Structures are given as structure tokens and as C-alpha cells.
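In what follows, a structure is listed as C-alpha cells, so that the remarks can point back to it.
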Amino acid sequence: MPTLAAPCRRPTTVILRHRFDPPDNRRLAQLCGPLDAHLRRIEEALGVSIARRGAAFRVEGERGAAAKALALLQSLHERADRAIDDEVLRLALVEAGARVPAAAPAPGEAAQRLVLHTRHTDLAGRTPNQVQYLRQMLAEDITFGIGPAGTGKTFLAVACAVDALERSAVQRIVLTRPAVEAGERLGFLPGDLAQKVDPYLRPLYDALYDLMGFDRVTKAFEKGLLEIAPLAFMRGRTLNHAFVILDEAQNTTREQMKMFLTRMGFGSKCVITGDVSQIDLPKGMASGLVEAERILRRVNGIAFTHFTAADVVRHPLVARIVEAYDRAGEREPREA
Numbered sequence: 002m003p004t005l006a007a008p009c010r011r012p013t014t015v016i017l018r019h020r021f022d023p024p025d026n027r028r029l030a031q032l033c034g035p036l037d038a039h040l041r042r043i044e045e046a047l048g049v050s051i052a053r054r055g056a057a058f059r060v061e062g063e064r065g066a067a068a069k070a071l072a073l074l075q076s077l078h079e080r081a082d083r084a085i086d087d088e089v090l091r092l093a094l095v096e097a098g099a100r101v102p103a104a105a106p107a108p109g110e111a112a113q114r115l116v117l118h119t120r121h122t123d124l125a126g127r128t129p130n131q132v133q134y135l136r137q138m139l140a141e142d143i144t145f146g147i148g149p150a151g152t153g154k155t156f157l158a159v160a161c162a163v164d165a166l167e168r169s170a171v172q173r174i175v176l177t178r179p180a181v182e183a184g185e186r187l188g189f190l191p192g193d194l195a196q197k198v199d200p201y202l203r204p205l206y207d208a209l210y211d212l213m214g215f216d217r218v219t220k221a222f223e224k225g226l227l228e229i230a231p232l233a234f235m236r237g238r239t240l241n242h243a244f245v246i247l248d249e250a251q252n253t254t255r256e257q258m259k260m261f262l263t264r265m266g267f268g269s270k271c272v273i274t275g276d277v278s279q280i281d282l283p284k285g286m287a288s289g290l291v292e293a294e295r296i297l298r299r300v301n302g303i304a305f306t307h308f309t310a311a312d313v314v315r316h317p318l319v320a321r322i323v324e325a326y327d328r329a330g331e332r333e334p335r336e337a
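Under the numbering used here, the first residue of the sequence shown carries the number 2, and numbering increases by one thereafter.
In C-alpha cells form, the structure reads like this:
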């Protein structure tokens with residue numbers, strides 16, 4: 002006797018309504034976008050239908066998706082005192098739980114279509130991997146940039162953080178790195194705590210000075226908009242509404258990497274950069290960056306960009322040096 006198939010249960014469709022009082026035509030226009038383009042984008046990403054009459058909105062769809070769409074509209078309305086551009090909307094959709102793939106750029110247009118705006122200069126990716134890296138930092142909550150020196154991993158991450166701060170997408174920037182010497186033992190350094198950790202964090206200062214200028218960096222530190230600290234000081238903290246960058250991550254231990262990744266709070270982004278060919282940890286100690294790549298590669302919301310010698314943007318000789326060491330490493334694998 003044939004068995005009867007169980008009836009297919011359809012998702013529950015609901016209609017949610019909200020009215021913004023008092024009505025503010027300027028905010029409503031910024032919220033909806035030109036010709037309601039932002040509303041259509043939200044519909045497509047969350048699978049709902051949105052209708053509007055004046056300041057009254059009607060959202061129809063599966064219960065969970067409709068609730069997310071309505072919460073997203075309220076969140077965007079709060080920040081609609083200025084124009085909501087495509088990248089701000091993309092980030093808001095990601096925060097709302099929508100999977101928003103980065104748009105594939107037309108050939109030759111990748112670098113032109115994605116530009117970071119800072120007070121000193123506008124920046125765009127020079128290579129396909131750099132463009133991918135920038136897109137991932139804008140679209141994902143956690144991004145890893147892994148590759149050799151000179152590929153722009155740290156500089157682009159700091160530029161993305163400065164751009165987010167300028168757009169008020171985050172409230173502060175937190176930069177950190179492990180205090181590990183590059184194959185040397187410098188002993189006890191003189192001075193107070195800030196003077197002791199400065200040598201380890203100098204590359205991050207350099208990037209900030211290039212992008213913001215010395216005076217603005219100094220004022221940002223005074224206002225608490227910028228913070229630079231050794232990785233050891235991250236334990237026990239929760240970093241909300243911050244753009245957090247961990248540099249030289251190849252020199253973290255497994256415990257340090259896990260500790261850092263679990264500091265992430267609401268409205269925050271994390272970028273982790275490192276070069277697995279330059280690990281300065283004691284012999285026999287596993288790199289937290291290498292283990293994180295293996296453990297987290299399939300976790301949603303985390304992206305990896307791998308740079309090569311072709312992405313080096315320093316002196317051309319740097320790329321040739323990287324390639325020479327890579328070839329030597331293939332012929333003579335480094336001992337564990």
C-alpha cells in the first residue's frame with residue numbers, strides 16, 4: 002500500500018506595519034533611496050515585500066524575514082540624517098542577517114568602483130586580491146588578510162577603518178598586535194608602558210599618520226576615537242561599535258587568537274593580518290593564524306584573502322625577494 006507524503010508546511014506569512022512620527026521627508030527620502038532603490042534592495046535580500054505611503058510602511062513576508070526588514074528600516078531611519086550609500090546599506094543588510102554577495106565588478110573597473118575616502122587621500126585596490134580584500138572587509142564581520150610583506154594588508158585595513166570612522170559606521174578604531182620581536186631579544190625597554198610598546202606598534206602609527214595626518218591622529222587619541230594596545234591587554238574586554246585590527250597575527254598563539262576573536266561586540270568589525278612565512282614564535286609553538294585558517298575557513302561571516310608576490314606594491318625588488326624565498330622554501334621545507 003503506497004504511503005502518503007506528509008503535507009508540505011508553508012512558512013507563515015505576516016504583515017507588519019510601522020509609521021515614523023513625526024514624519025521627516027528628508028529622512029524618508031534618504032531611507033528609501035532614489036526611486037525607492039533601497040527598499041527594493043531590502044526586498045531582494047530578505048525576501049519580503051515593502052509598500053510605503055508617506056511615512057507609513059507595510060512589510061509582508063515570512064515572519065522572521067519581515068521582522069528583520071522592519072527592524073532594518075527603523076535602524077536606517079535613525080542614521081538617515083545623511084545619504085545612505087550602497088556600502089552603508091550593504092553593511093546594514095549583513096548586520097540584519099542577510100547574505101549579500103559582493104557585486105562582481107566589470108573587467109578593468111574593480112579598482113574604480115570601490116574607493117575608500119580619507120581626509121588625506123582616496124584609496125582603491127591596485128590588484129584583484131586587494132579589491133577582493135576591500136570588498137570582504139566591507140561585507141563581512143571578520144576578514145583575514147594573509148600574505149607576504151608589501152601587499153598592503155595592514156595599510157588597506159587601517160584605511161578601511163579610517164573610512165568607517167569618517168562615515169560614522171563605527172565609533173572608534175582599535176589597533177593591536179602581539180609584542181613579539183622579529184628574531185631578536187631586545188631585553189627590558191626603558192620608559193613607561195606607552196614607550197615600551199611603541200616599537201611594536203610603530204607600523205600602525207605610520208599608517209594612521211599617512212591617512213589622517215599627525216594633528217588629527219593626536220586629537221583622535223585624545224577623544225578616545227583611536228586606541229592602540231598590545232594584544233595582551235585585550236583579555237576581558239568586549240569591543241562594541243569598533244573597527245578592530247590585529248596586525249602580525251602570525252605571532253599569536255592559538256589561545257591568543259581565540260581570545261581576540263571572542264572580544265568582538267555588536268556593530269563591530271575585525272580584520273586580522275599576517276604573513277605565515279615570517280613566524281617569530283619560539284620553535285615548536287603553533288601559530289594562531291595558521292590554526293585559525295584551518296578551523297574557521299567554513300564559518301559564515303568570516304572571509305579570507307590570500308595575497309601573493311604579485312600583490313606587492315613596494316619596490317619591485319621586494320616582489321622578487323618574496324618569490325626567491327618562496328622557491329627556496331619549496332625546495333627546502335622549513336623544519337617544524
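Think of the CB as a built atom: it goes at the ideal place given N, C-alpha and C, for glycine as much as any other residue.
Note that the structure is predicted; figures quoted are calculated from it, not measured.
Answer with buried or exposed for residue i, where buried requires no fewer than 16 other C-beta atoms within 10 angstroms of its C-beta.
{"i": "Met213", "result": "buried"}
{"i": "Pro35", "result": "exposed"}
{"i": "Ile16", "result": "exposed"}
{"i": "Ile143", "result": "buried"}
{"i": "Met286", "result": "exposed"}
{"i": "Arg295", "result": "exposed"}
{"i": "Glu256", "result": "exposed"}
{"i": "Val300", "result": "exposed"}
{"i": "Ala111", "result": "With a pLDDT of only 40 at Ala111, under the threshold of 50, the placement of this residue in the model should not be trusted, and no figure is reported."}
{"i": "Lys270", "result": "buried"}
{"i": "Gln251", "result": "buried"}
{"i": "Lys338", "result": "The question about residue 338 has no answer here: the residues shown for the chain are numbered 2 through 337."}
{"i": "Ala162", "result": "buried"}
{"i": "Gly330", "result": "exposed"}
{"i": "Thr263", "result": "exposed"}
{"i": "Gln137", "result": "buried"}
{"i": "Gln75", "result": "exposed"}
{"i": "Glu338", "result": "In the structure displayed, the chain extends from 2 to 337; residue 338 sits before or after that span and is not available."}
{"i": "Asn26", "result": "exposed"}
{"i": "Arg18", "result": "exposed"}
{"i": "Gln113", "result": "In this prediction, Gln113 scores a pLDDT of 44, lower than 50, which makes its location untrustworthy; the coordinate-derived value is nonetheless stated afterwards. Exposed, because fewer than 16 other Cβ atoms sit within 10 Å of the Cβ of Gln113."}
{"i": "Asp312", "result": "buried"}
{"i": "Ala38", "result": "exposed"}
{"i": "Leu202", "result": "buried"}
{"i": "Phe156", "result": "buried"}
Between which two residues does the alpha helix (DSSP H) carrying residue i extend?
{"i": "Pro356", "result": "With the chain covering only 2 through 337, there is no way to say anything about residue 356."}
{"i": "Leu297", "result": "Gly289 to Leu297"}
{"i": "Glu76", "result": "As written in the sequence, residue 76 is Ser, which differs from the Glu given in the question. Element bounds for Ser76: Arg64 to Glu79."}
{"i": "Ile174", "result": "Premise fails: Ile174 lies in the beta strand (DSSP E), Arg173 to Arg178, not in any alpha helix (DSSP H)."}
{"i": "Val132", "result": "Pro129 to Ala140"}
{"i": "Ala46", "result": "Ala38 to Leu47"}
Looking at residue j and residue i, is the spacing between their C-beta atoms short of 8 Å?
{"i": "Tyr326", "j": "Ser278", "result": "yes"}
{"i": "Gly146", "j": "Phe308", "result": "yes"}
{"i": "Asp276", "j": "Ala150", "result": "yes"}
{"i": "Val218", "j": "Leu205", "result": "no"}
{"i": "Glu63", "j": "Thr14", "result": "yes"}
{"i": "Val291", "j": "Ala310", "result": "no"}
{"i": "Ala67", "j": "Glu61", "result": "yes"}
{"i": "Gly266", "j": "Thr239", "result": "yes"}
{"i": "Ala304", "j": "Glu141", "result": "yes"}
{"i": "Arg83", "j": "Gln131", "result": "no"}
{"i": "Ala46", "j": "Leu94", "result": "yes"}
{"i": "Ile273", "j": "Leu247", "result": "yes"}
{"i": "Leu135", "j": "Gly126", "result": "yes"}
{"i": "Leu139", "j": "Leu92", "result": "yes"}
{"i": "Met258", "j": "Ala221", "result": "no"}
Assuming residue i and residue j make a contact with CB atoms under 8 Å, what is their CB distance in whole Å?
{"i": "Arg173", "j": "Gly237", "result": "With 8 Å as the limit, Arg173 and Gly237 do not qualify as a contact, their Cβ atoms being about 18 Å apart."}
{"i": "Arg28", "j": "Ala81", "result": "4 Å"}
{"i": "Leu40", "j": "Arg53", "result": "7 Å"}
{"i": "Ala70", "j": "Pro24", "result": "Going by Cβ atoms, the distance from Ala70 to Pro24 rounds to 20 Å, so no, they are not a contact pair."}
{"i": "Val89", "j": "Arg168", "result": "7 Å"}
{"i": "Thr306", "j": "Gln133", "result": "6 Å"}
If you drop the 5 nearest sequence neighbours on each side, which residues of the same chain put their C-beta closer than 6 Å to that of residue i?
{"i": "Ala104", "result": "Residue placement at Ala104 is flagged as unreliable, the pLDDT there being 46, under the threshold of 50; the coordinate-derived value follows with that caveat. Excluding residues within five positions, none has a Cβ falling inside 6 Å."}
{"i": "Glu228", "result": "Val175"}
{"i": "Ala230", "result": "Thr177"}
{"i": "Ala243", "result": "Val171, Arg173, Val175 and Ser269"}
{"i": "Ala99", "result": "Ala46 and Leu47"}
{"i": "Cys33", "result": "His39 and Leu40"}
Could you pull out every residue in the same chain whose Cβ sits closer than 8 Å to the Cβ of residue i, ignoring the five residues on either side in sequence?
{"i": "Glu182", "result": "Low per-residue confidence applies at Glu182: pLDDT is 48, beneath 50, and the placement is therefore not dependable, though the value from the model is reported in the following sentence. So the qualifying residues of the chain are Asp281."}
{"i": "Ala160", "result": "Leu117, Thr119, Leu124, Ala208 and Leu212"}
{"i": "Phe414", "result": "With the chain represented from 2 up to 337, any question about residue 414 goes unanswered, as that position is not in the structure."}
{"i": "Arg20", "result": "Ala56, Ala57 and Phe58"}
{"i": "Arg328", "result": "none"}
Can you list, in chain order, the residues of its chain whose CB lies under 7 Å from that of residue i, leaving out five sequence neighbours each side?
{"i": "Glu44", "result": "Ser50 and Ile51"}
{"i": "Glu249", "result": "Arg178, Pro179 and Gly275"}
{"i": "Gly302", "result": "Glu141, Asp142 and Ile143"}
{"i": "Asn241", "result": "Gly266, Phe267, Gly268 and Ser269"}
How would you write the range of the beta strand (DSSP E) that residue i sits in, first residue to last?
{"i": "His242", "result": "Per DSSP, His242 belongs to no beta strand (DSSP E) and is neither H nor E."}
{"i": "Leu270", "result": "Residue 270 is actually Lys in this sequence, not Leu. Its beta strand (DSSP E) spans residues Lys270 to Gly275."}
{"i": "Val218", "result": "Per DSSP, Val218 belongs to no beta strand (DSSP E); it is in the alpha helix (DSSP H), Phe215 to Lys224."}
{"i": "Glu228", "result": "Leu227 to Pro231"}
{"i": "Ala304", "result": "Ile303 to His307"}
Taking Cβ positions only, does residue i come closer than 8 Å to chain C?
{"i": "Val277", "result": "In the structure shown, chain C does not exist; there is a single protein chain."}
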